[in-house]
Every structure is written in C-alpha cells, then in structure tokens.
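If you're matching them up, the sequences are chains L and B in order.
For what it's worth, the numbering used here labels the leading residue of the first sequence as 1, then goes sequentially.
For what it's worth, the numbering used here labels the leading residue of the second sequence as 452, then goes sequentially.
We put the beta carbon where it would ideally sit given N, CA and C, even for glycine.
Worksheet: the structure to be examined is printed underneath.
Protein chains: 2
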Amino acid sequence: MGTSTRLRPPAVLLTIGDELLTGERVDTNAGWLAEALTDLSFDVREILSVGDEEEEIRNALVRAEIRAAGGVAILTGGLGPTLDDRTREAVARHRDVELQEDPAVLEVLAARFRDRGYADLPPLNRRIARVPRGARVLPNPEGSAPGLELPGSGSGSGSGSGSGAVLFLLPGVPAEMRAIFRGSVRERLDILFPERLAPPAVEIVRTSGIPESELAGELEACLEPLPGVKVQYRPSVEGVELRFSVEGTAAPARLAEALAAAKDALSPWRFGGRGTSAAEAALEACRQAGWRLAVAESCTGGMLGARLTAVPGSSDVVVGGVIAYDNRLKTDLLGVPGSLLEAHGAVSEPVACSMAAGACSRLGADIAVSITGVAGPGGGSETRPVGTVWFGLCRPGAPVRGRTERFPGTREEIRRRAVQFALRWVRMEALEAGAGTGPGDHVDSGSDSPR
Amino acid sequence: MGTSTRLRPPAVLLTIGDELLTGERVDTNAGWLAEALTDLSFDVREILSVGDEEEEIRNALVRAEIRAAGGVAILTGGLGPTLDDRTREAVARHRDVELQEDPAVLEVLAARFRDRGYADLPPLNRRIARVPRGARVLPNPEGSAPGLELPGSGSGSGSGSGSGAVLFLLPGVPAEMRAIFRGSVRERLDILFPERLAPPAVEIVRTSGIPESELAGELEACLEPLPGVKVQYRPSVEGVELRFSVEGTAAPARLAEALAAAKDALSPWRFGGRGTSAAEAALEACRQAGWRLAVAESCTGGMLGARLTAVPGSSDVVVGGVIAYDNRLKTDLLGVPGSLLEAHGAVSEPVACSMAAGACSRLGADIAVSITGVAGPGGGSETRPVGTVWFGLCRPGAPVRGRTERFPGTREEIRRRAVQFALRWVRMEALEAGAGTGPGDHVDSGSDSPR
Chain L
1 MGTSTRLRPP AVLLTIGDEL LTGERVDTNA GWLAEALTDL SFDVREILSV GDEEEEIRNA
61 LVRAEIRAAG GVAILTGGLG PTLDDRTREA VARHRDVELQ EDPAVLEVLA ARFRDRGYAD
121 LPPLNRRIAR VPRGARVLPN PEGSAPGLEL PGSGSGSGSG SGSGAVLFLL PGVPAEMRAI
181 FRGSVRERLD ILFPERLAPP AVEIVRTSGI PESELAGELE ACLEPLPGVK VQYRPSVEGV
241 ELRFSVEGTA APARLAEALA AAKDALSPWR FGGRGTSAAE AALEACRQAG WRLAVAESCT
301 GGMLGARLTA VPGSSDVVVG GVIAYDNRLK TDLLGVPGSL LEAHGAVSEP VACSMAAGAC
361 SRLGADIAVS ITGVAGPGGG SETRPVGTVW FGLCRPGAPV RGRTERFPGT REEIRRRAVQ
421 FALRWVRMEA LEAGAGTGPG DHVDSGSDSP R
Chain B
452 MGTSTRLRPP AVLLTIGDEL LTGERVDTNA GWLAEALTDL SFDVREILSV GDEEEEIRNA
512 LVRAEIRAAG GVAILTGGLG PTLDDRTREA VARHRDVELQ EDPAVLEVLA ARFRDRGYAD
572 LPPLNRRIAR VPRGARVLPN PEGSAPGLEL PGSGSGSGSG SGSGAVLFLL PGVPAEMRAI
632 FRGSVRERLD ILFPERLAPP AVEIVRTSGI PESELAGELE ACLEPLPGVK VQYRPSVEGV
692 ELRFSVEGTA APARLAEALA AAKDALSPWR FGGRGTSAAE AALEACRQAG WRLAVAESCT
752 GGMLGARLTA VPGSSDVVVG GVIAYDNRLK TDLLGVPGSL LEAHGAVSEP VACSMAAGAC
812 SRLGADIAVS ITGVAGPGGG SETRPVGTVW FGLCRPGAPV RGRTERFPGT REEIRRRAVQ
872 FALRWVRMEA LEAGAGTGPG DHVDSGSDSP R
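In structure tokens:
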C-alpha cells in the first residue's frame, strides 16, 4: 500500500468454532470485522478459521501473532461457558499467563443471572469470569461473556509497538461481538494506535436502471480531472451501488468535489445513499408530489407491493393494489377488456396499459404502475422470450404509457429486476412532476429512456 | 475424531481476493465448500483467506500443504484474466513447475468468445489458458476459467498419499465454483481418496409453527430408543429446519427408523425436505385438493402473493389477490362493510374474516386467506401491540374462521412470520380436506392450534 506499518497497522482475524469448518454456521463476523478494521485504516492481511480444539487455536495464534506483528489480532468465538469453549485457555497457554477468576466479572455475571431468576450462578458459567492475567476486560452490553484485550507480547505496555500483536478476544455471537467492538474496541484501537492514517472519506451512491459498464463510462469523464478519487462498482439485481472513496488529508473536500462533478451524470440513476432502498426513494418522490400510488401486478405477484410496504410509514403513499395473476382477474378487478387479452396476449403493451389505467381509476390513485411479463422458467416464446416484461404507467387525465424490458437471470432475478424498474419509473415520474424536485435532485428527462 | 486420516482425509480451504479482506465481498465459497467436503467425509481443518498478491498466496500455500498433508487443499479465486489474478502463478511457483498455454483450453476459450461475437480472443484472456505443468484441467460449464487439479507434491501420482496435498484451483465466482465442484471435483475426490468413511446419512426436515424448544421436547421421547441419531436445529423466521444425521455402516437404516419414529410428532409441523419452501408445500396441498387460492393482504402488502408466485407453475393454483393497504380498498375491492371497520378497527377478527370472505367470492377461489396486522414499528396500542396479526380463512359454503397471533421481531420479521403462518394454515386446511392427504402426510388436527 506504500504506507508504513504505523500508518496502516496490520490486522489478522481469527474466527473459532467447529461449526464454521462443517459449514453448519456461516461466518458473518469475519466480513464485518474486515470492513470495520479497513475503515479504521488497518491493513487486514489474513482471515483464519479453525476449530474449537485448544491445540488448533494455539497453532493459529502463533501464525496470527507473526502476521499481525506490531498490529492487532482479533479472535471471535469460543468464549462461552461450556467445556468445548477453549479460546480463553488457548490464549493463556499461548501467552504463558495464568487464568484468574475476576471478581468484578463474576459479580456482573451473578447479577445478570439473578435478574433472570437464578438464585446462584450455574457453576459452568463461572468459567466466563476466568481472565488471563494482564488482560483488560471489555464490557458486553448484549450478553454474558465480556471481551478481553491482551497487550502485545513484546512490550507488555499495551502499545502496538511490540513484536507480537495486541489480542482482542470477542464472543462469536454477532450482536455481542459488534456491541463490544463499537463500545470498547474502537476506542482502544484509537488509544493503542494513535498515528494511523486518517480513514478514507467514503460516500455510497445507489443507482438503478443503468449497467455497470455504462455507468463507468459516464463517470470516467467527470472524474478524470480529479485524481485520487476511487470508485468501486457493486452491481446487484437491485442496481449498481457506487462507493466513492478518497484517502489523505484533503479527503472530505476532494470527495465533495467528486460528488459535485458526478452529480449530473448520476442524477437520472441515483436514488439514494447507503441504506436507502429504491422503494423508499419512490415513496419519498410520491410524497413530495402529493401523490398516492397503486400497483397492478401479474408476474411479480405482489412483490412490488411487498417492497413498497416494507418501508415504515408507506401507508401515506400506498393505497394498495391488485395481484392479477389469473387473466380473469385482469378483467374482473382491473377492467382489462377480454378482447384486448385475446388480441394481444397478457404480456403486451395494450394489456399493461389497461392494467395501469384500471388500477388508477378503480383504486383511486394519483399514479398507478403495472407489471406483466414472462418470468420463466417456462412460458417463453420466440416473440416473448423468458425475461420479457411490460410495464404500464397511468396518471389521471394523461395518456397511459407502456414500456418493455428484457431482463436476464432466474425467475426470481427477473421479478426483482422488474420491481426495481417499476420503482424507478414511478420515482422519475414523481420527480419530473416538478412539485417533487427536492434538494439535490436534478432530473435530466432526456436521459430517462429505457436502456 | 477417532478415525484415521485415510477414513477422513484432512482438507484446507484457501479463499483468495483483496475484496475478502476489506469486507467488500462476503466469502460464500468457504462455507459452501466446508459443508460439501464434510458431507464427503473430509475433515476440514482450516479456512484461510488472503489477498491477491503472489507472495501472500505462496505463504498461505505452504501452510495449507502442511495442514492438509495427505489430503486436499481447495483454492478459490484469482483465476480471472486480469493481471491482479495471480493464483495460477503463485501455485506454479510454489510447486516449482512451469505455466504452459494449453491448446485445448485456448480453443474452448476462443469458441466461447466467438459465440459472444468476438472475432479474436482478447489478449488478456489468453492468461486463462495458462496451466501449471502436470495439472489436470476441469471444465467450467458456467464461465471461462477452468478448474485445475495438481497432484500431491510427495507422490506425483495424483493419489492422496503424498506428503503434500492434492490442490484444486477453482474460480471465485460462486456459480462457476459450484458447477466445477459438482461436475468434476467430487468425482476426482472419489478416485483419489477411495477409502473414505461412508458419509453420514442425512435428511432435512423443514417445519413451521412450532418453536425450537418445543420441537426438541417432542422429538426427545421418539428418538430416545435410537442412539446415534443426531438432530441439529436451525431456527429462522421461516421456521425450524431439522438436520437428522447418522454415521456408520447401518446409517441409512437407522436414519429411516428415526424418521419413522419421529413422523407423527413432526407431522403437524413438517412441510417438506431440503429445498422445499412453505409456499411450495401450500401450493402442492391445494393442487392435490383441486383448489384455487386467493389472498387478501393488508400489513404484508403483497408478500404472501409474492412468496406463492415465486414458485414456478404456481399459476395453476394461485388466482391472485388484493393488496388492501388502505381501508377504503378493503371496502371497495373486498366488500368489508365500513361499519365493521369502524366498530372493530382494521386489525380485528371480524375484518380479517370479512377480507377473506370477500376475496373468496369476488376472486372466485376455492380458498382464500387474509392477513391484517400491526407490523410496526409505529401503530401499536395497548390492546393491539406491534406484532399483533389477524388471519381469516374462507372456503365457499363454510363458516369463515379467524385466528390471531403475536409475532416478535422487526417489521420485516413480523411480516415474514405472518406470511409463514398463512401458508401453513392453507396447507393444513388443504391436507385436512382429505382429498389432499398425500403419501406420508398424516394430519393430527388436534395439534394444529396456534401457539
């Protein structure tokens, strides 16, 4: 990376548990910690998963201390009360220190069990209070076993400059691990490794409706005059998430410049930042426009409605919808003429438009969107292959419009892509209505064409 | 484990990629391979993730060969065409063999690119055809980079008895990795390690509607006379998945005994085996009963419909549904009297029943189920706290029935639990109708009460 060990100290993650090696449990801790440590300017060099045996843990610790020398090794798992939890013992033996029962930890434990109706602490749980001599206890707000911190072996002072690594022992339960990391480890790392590189300035921009390659083309020109701005593309069925990052002292200012430069290019596709869903963005645009929304779904079978109503407070925008899976319901509930279905088939522009119009008027909405398509795996034809989806969009008093798309992927992926397309269309429509042009939302309607 | 190395050969997994160490990508390959190898009677001793640098990969390979001596090490990632993919180079250097361009691989690659409209193979992609001398090429049915197999270093014969490990190199793209594992690696392992312990006999039973602790209580009595039967409980929002496993020579017979003994206890809750969804089970029960199904959803907003229509071929059972999110639609589309809504509120037994009755008659179904509840986080009250959900079930000509449940969790979890409950109710109803009592499906209606 071209930076010194002090600026970006090495880190190793060691996740412990037989169930990780049999595939019974998926290790979510390693990925979470890797991201958290990277964001704190640590250089994560290795992730190692081993079983619960003491010998295995000790063997892995030898490697971890070498690979993370002068930095930090974080161990997760094996801190529970049962006899197969051996991480405490392995670490104590590895560092050649004794395990001592810590009265303060014991008292917290006993209180915890009293609260849950136990008169005495179950004997096995006393094991949790055994702490390697010299270790610092890190409180666990979510569970019984506290986190533990052991200074680097070469120094004994707790600073990161020793020949070994500072060790953190955290429980394997993800909620407990994260709570201790946020509540204690982060602060301890700041104290132990004060000279770290400033973490990169990072901004997440979520987009939909444009493939990664085109997005990269759009951004290249905007960002060329701004060296040092790194953009990562994370494509998924929901669209492409962009991670803008800049390192160095002027990072926040340079990041702001980059976002400003990219703003117009991203505008037709951007729907929000980290944690914003396309459904939230569509709802917010409708809310700004003062619109209520109805849906008419065939091949997605309710998925669009489900995505919208997953957002708390969606009821002020969403009226409801019709799942017109059977063609008879397209006629009975949405008023699609039988002749239209016969002449064009259910997967067609006229039927999509008629569904949207029916939903808009019958459900009393300000905007209605419809979806009808061939999600597969069966049902495709030469003219309407699997992945063909028609959409209709209706506003009272305006002509109904139809659009077609051809989506790749499995049945589920085609359905999810169709939902994402519908959400994007509704959002753009509401933003273009003008009333909804919120701060920072520039709409270039010319670019808003189906790809 | 008490078994010799030959019976349960050691295995190490080595996943490669900078993005694993920064948390940008979650490693799903390690868990998948760990389970697959465990099921094939390998003893997975360690999972190691390192970055893309050649030096890092070689360092990890030294460890992997020691830890998996006499067994197998599987590497994933770093086989792509770009220059930062260095796994081939690292392995060749580690084993001190040359990389040679393989004409057969090159021809497959060129054909693949011709099919995609390229006149010539892009130069970088020729890197994919470079194969370490002595390696066996394993075809990749899903992508460009083939898998590679290198014999154990101590023997050169390809048998697992050498001092090093047999190495398999697989692409990091999960679909490609899995396809090569299923298509080639599994067979190669059978040839290379013929004397392995018979894999345990395993059966997955999926249940819903009963918590893990009660299920364990039910099973304990049935399974007590059958030592050696191991049951793992994997709870999720969708219910509890049971993994029955038995090791040893008489494993299949003992497993069959266990499943027979547990059959009655599990019957009200079991909806299928590995890979079966509760939606599929409900659809199949309706299909057997000759019923067509309609849904009326309020708080789930289309999620029940989406789950049902996620199943290919669901259109022969699912008519469709109404997403009656706004109370006005409950009246307009489902015929729920306004007076009923006013007197009891939307989250009530009378309204749930009226929604189901309206869906059944207006949508022309043989069975209709309704959901209305408080999914939160807002909207709860003392009498109807967040998590309270009412269900209605209607069959033409029979009295409509209502049920209430109180679900824990987040908004999304409450909605998913509600959908799961509705699916279970529909399935039980269709099975009880008698016409649908399929082979092996015993229904104890007495136990079919809400918990």
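When the five nearest sequence neighbours on each side are left out, the beta carbons in the same chain lying within less than 7 Å of the beta carbon of residue 798 of chain B are those of 823, 824, 825, 835, 839 and 841, in order along the chain. Neighbours of residue 325 of chain L in chain B, taken as residues whose beta carbon is under 9 Å from its own, are 756, 759, 760, 765, 766, 769, 770, 771 and 772 in chain order. Put simply, the CB of residue 203 of chain L is far from chain B, with every gap to its CB atoms at 8 Å or more. Counting along the chain, residue 404 of chain L sits inside the beta strand (DSSP E) bounded by residues 401-406. For residue 14 of chain L, the enclosing beta strand (DSSP E) starts and ends at 10-16. A Cβ of chain B is located within less than 8 Å of the beta carbon of residue 21 of chain L. Going by beta carbons, residue 423 of chain L and residue 310 of chain L fall outside the 8 Å limit. With fewer than 16 other CB atoms across the displayed protein chains lying within 10 angstroms of its CB, residue 569 of chain B is exposed. Residue 780 of chain B: member of the alpha helix (DSSP H) spanning 778-785, first to last residue. Taking 8 Å as the threshold, the shortest C-beta distance from residue 46 of chain L to chain B falls below it. Between residue 878 of chain B and residue 695 of chain B, the C-beta spacing is not below 8 Å.
Runs of the beta strand (DSSP E) lying entirely within the stretch 458-520 of chain B, each at least 3 residues long, are 461-467 and 494-501 in chain order. Of all residues in the stretch 501-521 of chain B, only 501, 502, 507, 511 and 514 come within less than 8 Å of chain L when Cβ atoms are compared, listed by chain position. At least one beta carbon of chain L lies nearer than 8 Å to the beta carbon of residue 753 of chain B. For residue 38 of chain L, the closest Cβ of chain B is nearer than 8 Å. For residue 363 of chain L, the C-beta contacts it makes with chain B under 7 Å involve 780, in order along the chain.
Here DSSP, grouped into helix, strand and coil, assigns residue 670 of chain B to helix. Along the stretch 231-261 of chain L, the positions whose C-beta sits under 9 Å from a C-beta of chain B are 232, 234 and 243, read in chain order.
For residue 32 of chain L, the residues of chain B that pass the 8 Å Cβ criterion are 474, in the order they occur in the chain. Cβ-Cβ distances below 7 Å link residue 222 of chain L to 261, 262 and 265 in the same chain, with the five nearest sequence neighbours on each side left out; the list follows chain order.
At a cut-off of 8 Å between beta-carbon atoms, residue 477 of chain B makes contact with chain L. Bridge partners of residue 274 of chain L according to DSSP: none are assigned.
Taking CB atoms only, residue 333 of chain L has a neighbour in chain B less than 8 Å away. Residue contact with chain L for residue 828 of chain B: present (Cβ-Cβ distance below 8 Å to some residue of chain L). Taking the beta carbon of residue 486 of chain B as reference, the chain L residues within 7 Å of it are 22 and 23, listed in sequence order.
One Cα belongs to residue 312 of chain L, the other to residue 621 of chain B, and the distance between them is close to 43 Å. Residues of the stretch 852-881 of chain B that bring their beta carbon within less than 7 Å of a beta carbon in chain L comprise 862 and 863, in sequence order.
DSSP places residue 583 of chain B within a strand segment (E or B) once states are collapsed to three. In this structure residue 468 of chain B is in contact with residue 476 of chain B, their Cβ atoms being roughly 7 Å apart against a cut-off of 8 Å.
The beta-carbon distance between residue 619 of chain B and residue 525 of chain B, rounded to whole angstroms, is 5 Å. This is short enough to meet the 8 Å contact definition. For residue 458 of chain B, same chain residues with a beta-carbon under 8 Å away, outside a window of 5 residues either side, are 492, 646, 647 and 648 in chain order. Contact annotation: residue 386 of chain L and residue 393 of chain L have beta-carbon atoms that are not nearer than 8 Å. Bounds of the beta strand (DSSP E) holding residue 842 of chain B are 839-845. Rounded to whole angstroms, the Cβ separation of residue 827 of chain B and residue 865 of chain B is 6 Å, and the two are in contact under 8 Å.
Burial is judged here by how many other beta carbons sit within 10 angstroms of a residue's own beta carbon; residue 741 of chain B has fewer than 16 and is exposed.
For residue 402 of chain L, the closest C-alpha among the options L/357, L/430 and L/419 is that of L/357.
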